[in-house]
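Visitor: Have a look at the structure that comes next, please.
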Amino acid sequence: MKAGESRRRNMRLLSRFLLTLTGMVIVYTIVFHMLMAWEGQEHSWLTGFYWSFTVMSTLGFGDITFQSDIGRIFSIFVLLSGVIFLLILLPFTLIEFFYAPWVESRSRRIIQHSLPDTVSGHAILLSYDSISSTLIEKLDRFGDQYALLTSDTEECVRLIDQGINAFVGDPSVESTYKRLRLEHAAIVALTGSDFENARLAFTIRALNPQIPIISAADSKSSSEVIRLSGANKAFQIGNIVGEALARRAYSGDSLSHVVASFDELLIVEAIADSPELVGKTLAEANLRKSAGVNVIGFWERGEFTISAPDAVINPNSVLLLAGSKETLARFDSKYRNAHNREGHTVVIGAGRVGTAVCETLASNNTDYKIVDRSPHELKPFGDKGVIGDASTFETLNMAGIIEARTVIITSHDDALEVYLTIFCRKLRPDIQIICRATEVRTISELHRAGADIVLSYASMGANILFNFLKHSDILMVAEGLDIFRLKAPESLHGKTLGEMNLRVSTGCNVIAIRGEDGLQAPPRPSIPIKPDDELILISDTESERLFCELHPPSVSEGS
263 MKAGESRRRN MRLLSRFLLT LTGMVIVYTI VFHMLMAWEG QEHSWLTGFY WSFTVMSTLG
323 FGDITFQSDI GRIFSIFVLL SGVIFLLILL PFTLIEFFYA PWVESRSRRI IQHSLPDTVS
383 GHAILLSYDS ISSTLIEKLD RFGDQYALLT SDTEECVRLI DQGINAFVGD PSVESTYKRL
443 RLEHAAIVAL TGSDFENARL AFTIRALNPQ IPIISAADSK SSSEVIRLSG ANKAFQIGNI
503 VGEALARRAY SGDSLSHVVA SFDELLIVEA IADSPELVGK TLAEANLRKS AGVNVIGFWE
563 RGEFTISAPD AVINPNSVLL LAGSKETLAR FDSKYRNAHN REGHTVVIGA GRVGTAVCET
623 LASNNTDYKI VDRSPHELKP FGDKGVIGDA STFETLNMAG IIEARTVIIT SHDDALEVYL
683 TIFCRKLRPD IQIICRATEV RTISELHRAG ADIVLSYASM GANILFNFLK HSDILMVAEG
743 LDIFRLKAPE SLHGKTLGEM NLRVSTGCNV IAIRGEDGLQ APPRPSIPIK PDDELILISD
803 TESERLFCEL HPPSVSEGS
C-alpha cells in the first residue's frame with residue numbers, strides 16, 4: 263500500500279471512531295434527560311453532556327446521580343462503555359492511526375538513503391559505538407565528510423536528531439554501498455564485533471578491491487581472520503591501550519619516556535623530581551639551554567598546563583618535552599634522580615589490556631607485579647602474579663603497593679576503576695596512578711579520584727582510524743591532549759609565530775615546523791611560515807577545534 267493511500271485509510275478509520283464516540287455521547291445525553299425527567303428532575307443540555315463525560319471518563323464527581331434502579335443501571339452501562347471506548351480504544355486508536363503514522367512519516371522525511379553525487383573522499387562507518395562516536399567528533403572538527411550506516415530505522419532517526427549523518431540500509435546488500443558511493447570513499451571503518459567485522463570486510467572487498475578497510479579486533483587470531491576477509495588493517499585496541507599505559511609508567515632505566523614521535527622529533531614525558539628542577543620556574547630551569555629540549559607543558563594530577571616562564575616545577579610535575587634522541591639523552595643524564603627511580607610497577611587486572619601492559623613493561627626491563635582474582639589468568643606470569651582481590655589492602659600489600667613506583671589499573675569496569683583509584687591514592691598519596699577508561703564520561707571522575715593519567719578505548723581507536731584517513735597525523739599524548747601535524751593553512755602563510763601568538767588565540771602550541779631546511783624544533787618565532795611548511799602542534803580537544811575554525815585546513819588535507 264502506498265504512503266498516500268495508507269494515510270487516507272488511517273484518517274478514515276480515526277474519523278469513524280471519533281464520530282462513533284461523539285454519537286455515543288449524544289445518545290447518552292438524550293437518555294440521561296429522559297430518565298431524569300421520569301424521576302422528576304430537570305437539567306440543562308450542557309449538564310447532560312457534562313454528566314456523560316464525567317461518567318465515561320470515570321471521574322464521576324457524584325454531584326448528579328439517579329435515584330432509581332434503572333437510572334443506576336444506565337450509569338453502570340455508560341461507565342463500562344466509557345472505560346472501553348475512552349480509556350482503552352481512544353488511546354490505542356490515536357497511537358495506531360495518528361501518532362505512529364506521523365512518526366513514520368517524519369522518519370521517511372528526515373531519513374537519508376543515499377549520498378549526493380558530489381560527495382567523495384568520505385569515510386563510511388558501519389556501526390555506532392564509543393569509537394565511531396569519538397571519530398565523528400574529530401571528522402566534524404576537521405571538516406571531513408562521513409556516512410554512518412545502520413539497519414535500524416529508529417536508531418537512524420535518533421542519530422539524525424543528534425546531528426549525525428546517518429543512513430538506513432542493509433550492510434550485506436550491494437545496492438546499499440552504491441547509495442553510499444563506496445567507489446568514491448576514502449575509507450571504510452569497522453568497529454563492531456569480530457564476527458560482524460569479518461563478514462562486512464568480506465562483503466565490501468568483493469564489491470571493491472581497492473577501497474581501504476580498517477577494522478577493530480579483540481584478539482590476534484581475530485585480527486588475522488579479519489585481514490584474510492579483506493581488511494587492510496585490523497588493530498587490537500586492547501593491546502594498543504595496554505602498550506600506551508605501560509609507556510607512561512616510570513622505570514629505573516630512564517627519566518624520560520617516549521609517548522609520540524614524528525620522524526626524528528620525539529615527544530616524551532619526564533617526572534620532574536630532580537633537586538635541580540623542583541621549586542624552580544621554567545624560566546629559571548632553562549631546559550632549552552641546559553639540555554636542548556623544548557618544554558611543551560606539564561601535568562599536575564591529570565591537569566595539563568601549557569608551558570609558561572613563571573610556572574613552578576613541583577615534585578609531582580610531569581614535564582612534556584620535545585627534542586631529538588641526543589638532546590633527550592642529555593636531559594636524562596643531567597636530571598635523572600636515581601633514588602626516586604627505584605620501585606616496581608603494580609598492574610591490576612590480567613585481561614588483554616593488563617597482559618599487554620606487562621609485556622611492554624618486561625620489554626622495557628621494568629619490574630612489575632600483576633594482581634588478579636583468577637589463577638588461570640595469572641598462570642603465564644609465574645611468580646610475578648598475585649592472586650587476590652585488588653580492593654583489599656592484604657592483596658595490594660602482597661603486590662608491594664607500599665614500595666611501588668607506579669600502579670596501572672586495567673579493569674574494564676569503570677566503577678571498579680574509580681574505587682581502586684581512590685583506594686590506591688589513599689594508601690600512597692605519592693604514587694603514580696595510571697588508569698584505563700571504558701566510557702569517556704568516566705575520565706573526569708578518574709582524575710578527580712586521583713589518577714595521574716587516563717587513557718580510553720574510544721579516543722585511541724578513533725585516533726587510529728582518523729590517522730588512517732587523513733594525510734596529517736594525530737597522536738594522543740593523554741586523554742583529550744593530542745599532537746597533530748598538518749600542512750600550513752593559507753591563513754598562516756607569510757606570518758611568523760611571534761606575530762600570530764597561536765598559544766593565546768587558540769590554545770595550540772606549535773612545537774616544530776618542517777620546511778625545506780628540515781625540522782625546526784623548537785621553531786624560531788621570527789621566521790615566516792611558508793606554504794609548503796608542515797606544522798606540528800599540541801593542544802587539547804577544544805583548542806584543536808578552535809584552531810581548525812580560525813585556520814581551516816586545506817581541502818586536500820580534509821576530505
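For any residue, its number in the working numbering is found by taking its place in the sequence shown, counting from 1, and adding 262. Every residue gets a Cβ at the ideal spot worked out from N, C-alpha and C, and that includes glycine. Predicted model, so just to flag it, every value in this text is computed and none were measured.
#1: How big is the Cα-Cα spacing for P815 and F728?
#2: Hey, which unbroken runs of the alpha helix (DSSP H) at 4 residues or more fall wholly within the region 515-591?
#3: So, for I693: in the same chain, excluding its five sequence neighbours on each side, which residues have a beta-carbon less than 8 Å away from its beta-carbon?
#4: Roughly how many whole angstroms lie between the Cα atoms of L748 and P785?
#5: Note down, one range per segment and in chain order, each alpha helix (DSSP H) of at least 4 residues found wholly within the region 360-435.
#6: Evaluate N725 with the Cβ neighbour count: other Cβ atoms within 10 Å of its Cβ, from every protein chain shown; 16 or more gives buried, anything less gives exposed.
#7: Between which two residues does the beta strand (DSSP E) holding R698 run?
#8: Go ahead and pull the three-state DSSP assignment for V487.
#9: Can you say whether G756 is buried or exposed, counting buried as having 16 or more other CB atoms within 10 angstroms of its CB?
#10: Name the one or two DSSP bridge partners that V608 has.
#11: From the DSSP output, which residues share a beta bridge with L797?
#12: Out of A584, K631, T654, G541, point me to the one whose CA is closest to D645's CA.
#13: Express the C-alpha separation of P571 and A545 in angstroms, rounding to a whole number.
#14: If we count the other Cβ atoms within 10 Å of its Cβ and call it buried at 16 or more, is I335 buried or exposed?
#15: Alpha carbon to alpha carbon, what distance is there between A699 and S721?
#16: Measure the alpha-carbon distance for N459 versus T320 and round it to whole angstroms.
#17: Below 8 Å, can you find three or more Cβ-Cβ pairs linking the region 525-543 to the region 618-638?
#18: Using 8 Å as the cut-off, can you tell me whether the region 612-622 makes contact with the region 495-505, which would need three or more C-beta pairs spanning the two stretches below that distance?
#19: Count the other C-beta atoms from every protein chain shown that fall within 10 angstroms of the C-beta of P353, then say buried if there are 16 or more, exposed otherwise.
#20: What did DSSP end up calling I649 once you bin it into helix, strand or coil?
#21: Consult DSSP for S492 and reduce its assignment to one of helix, strand or coil.
#22: What is the rounded straight-line gap between the Cα of R489 and the Cα of F643?
#23: Opposite D802 in the DSSP bridges: which residues?
#24: Going straight from the alpha carbon of H601 to that of R592, what length do you get?
#25: Is the beta carbon of A463 less than 8 Å from the beta carbon of S491?
#26: Measure the alpha-carbon distance for R807 versus T704 and round it to whole angstroms.
#27: Residues in the same chain with beta-carbon distance under 6 Å from S392, minus the five sequence neighbours each way, listed in chain order, please.
#28: Mind reading off the beta-carbon distance from I773 to A783? Whole number of angstroms is fine, and I expect it under 8 Å.
#29: With DSSP as the reference, label S455 as helix, strand or coil.
#30: My output table needs one value for S477: the three-state DSSP class, helix, strand or coil.
#31: At the level of alpha carbons, what is the spacing between T567 and L410?
#32: With a threshold of 6 Å on Cβ separation, who are the neighbours of G454 within its own chain once the five nearest residues in sequence on each side are excluded?
#33: Residues in its own chain within less than 8 Å of R550 by CB, not counting five upstream and five downstream?
#34: Shortest alpha-carbon distance to S337 belongs to which of V435, I357, C770, V293?
#35: Considering only their Cβ atoms, is the gap separating V609 from T657 smaller than 8 Å?
#36: Please determine, among T291, L397, P787, L276, the residue with the shortest C-alpha to C-alpha distance to A362.
Guide: Checking against the coordinates, here is how it stands:
#1: The sequence position of residue 815 within the sequence shown is 553, counting from 1. The sequence position of residue 728 within the sequence shown is 466, counting from 1. Each residue's Cα considered, the two are about 15 Å apart.
#2: 544-547, 549-552
#3: For the purposes of this step, residue 693 is taken as residue 431 along the sequence shown, with counting starting at 1. Contacts found: I663, A666, R667, T668, V669, C686, R687.
#4: For the purposes of this step, residue 748 is taken as residue 486 along the sequence shown, with counting starting at 1. For the purposes of this step, residue 785 is taken as residue 523 along the sequence shown, with counting starting at 1. C-alpha separation (whole angstroms): 15 Å.
#5: 362-372, 392-403, 415-423
#6: On the sequence shown, residue 725 is found 463 positions in, with the first residue counted as 1. When all chains shown are included, N725 counts as buried.
#7: On the sequence shown, position 436 is the one that residue 698 refers to. Segment 694-699, the beta strand (DSSP E) holding R698.
#8: Here residue 487 refers to the residue found at position 225 when the sequence shown is read from its first residue. Correct three-state label for V487: helix.
#9: By one-based count along the sequence shown, residue 756 stands at place 494. G756 is exposed by the Cβ-count criterion.
#10: Position 346 of the sequence shown holds residue 608. Answer is K631, V669.
#11: As a position in the sequence shown, residue 797 is number 535, starting the count at 1. L797 pairs with L748, I775.
#12: As a working note, residue 645 is residue 383 in the sequence shown. For D645, the nearest C-alpha among the options comes from K631.
#13: As a working note, residue 545 is residue 283 in the sequence shown. As a working note, residue 571 is residue 309 in the sequence shown. Cα-Cα distance, rounded: 5 Å.
#14: Reading the sequence shown from its first residue, position 73 is the one you call residue 335. It counts as exposed.
#15: Translated into positions along the sequence shown, residue 721 becomes position 459. Translated into positions along the sequence shown, residue 699 becomes position 437. Approximately 10 Å, taken between the alpha carbons.
#16: Along the sequence shown, one-based indexing puts residue 459 at 197. Along the sequence shown, one-based indexing puts residue 320 at 58. Between N459 and T320, the C-alpha separation is close to 56 Å.
#17: no
#18: yes
#19: Here residue 353 is taken as the residue at index 91 of the sequence shown, counted from 1. It is exposed - the Cβ of P353 has fewer than 16 other Cβ atoms within 10 Å.
#20: The residue given as residue 649 occupies position 387 in the sequence shown. DSSP places I649 in strand when its eight states are reduced to three.
#21: Along the sequence shown, read from residue 1 onward, the residue named residue 492 stands at position 230. According to the sequence as given, residue 492 is Gly; it is not Ser. G492 falls in the coil class under three-state DSSP.
#22: Working through the sequence shown from its first residue, we reach residue 489 at position 227. Working through the sequence shown from its first residue, we reach residue 643 at position 381. The alpha-carbon atoms of R489 and F643 are separated by roughly 30 Å.
#23: Locating residue 802 in the sequence shown gives position 540, counting from the first residue. Beta-bridge pairing links D802 to L743.
#24: Position 339 of the sequence shown, counted from the first residue, corresponds to residue 601. Position 330 of the sequence shown, counted from the first residue, corresponds to residue 592. Caution is warranted here: a pLDDT of 44 is assigned to H601, below 50, making its placement in the model unreliable, and the coordinate value is therefore given only provisionally. Distance between the alpha carbons of H601 and R592 is about 19 Å.
#25: As a working mapping, residue 463 is identified with position 201 in the sequence shown. As a working mapping, residue 491 is identified with position 229 in the sequence shown. Yes. Within cutoff.
#26: Against the sequence shown, residue 807 aligns to sequence position 545. Against the sequence shown, residue 704 aligns to sequence position 442. In a straight line, the C-alpha of R807 is about 22 Å away from that of T704.
#27: Here the question's residue 392 lines up with position 130 in the sequence shown. Correct list, in chain order: A720.
#28: Taking the first residue of the sequence shown as position 1, residue 773 is located at position 511. Taking the first residue of the sequence shown as position 1, residue 783 is located at position 521. With a Cβ gap of about 7 Å, I773 and A783 count as contacting.
#29: As a first step, residue 455 must be located in the sequence shown, where it is residue number 193. If DSSP states are grouped into helix, strand and coil, S455 belongs with coil.
#30: Counted from its first residue, the sequence shown places residue 477 at position 215. S477: strand per DSSP, three-state reduction.
#31: Counted from its first residue, the sequence shown places residue 567 at position 305. Counted from its first residue, the sequence shown places residue 410 at position 148. Approximately 36 Å between the Cα atoms of the pair.
#32: Here residue 454 is taken as the residue at index 192 of the sequence shown, counted from 1. These residues qualify, in order along the chain: S389.
#33: As a working mapping, residue 550 is identified with position 288 in the sequence shown. The answer, listed in chain order, is N556, V557, P784.
#34: Looking up residue 337 in the sequence shown gives position 75. Nearest C-alpha to S337: V293.
#35: Stepping through the sequence shown from its first residue, residue 657 is reached at position 395. Stepping through the sequence shown from its first residue, residue 609 is reached at position 347. Cβ distance not < 8 Å, so T657 and V609 don't count as in contact.
#36: As a first step, residue 362 is located in the sequence shown; it is residue number 100 there, counting from the start. The shortest C-alpha separation from A362 is found at L276.
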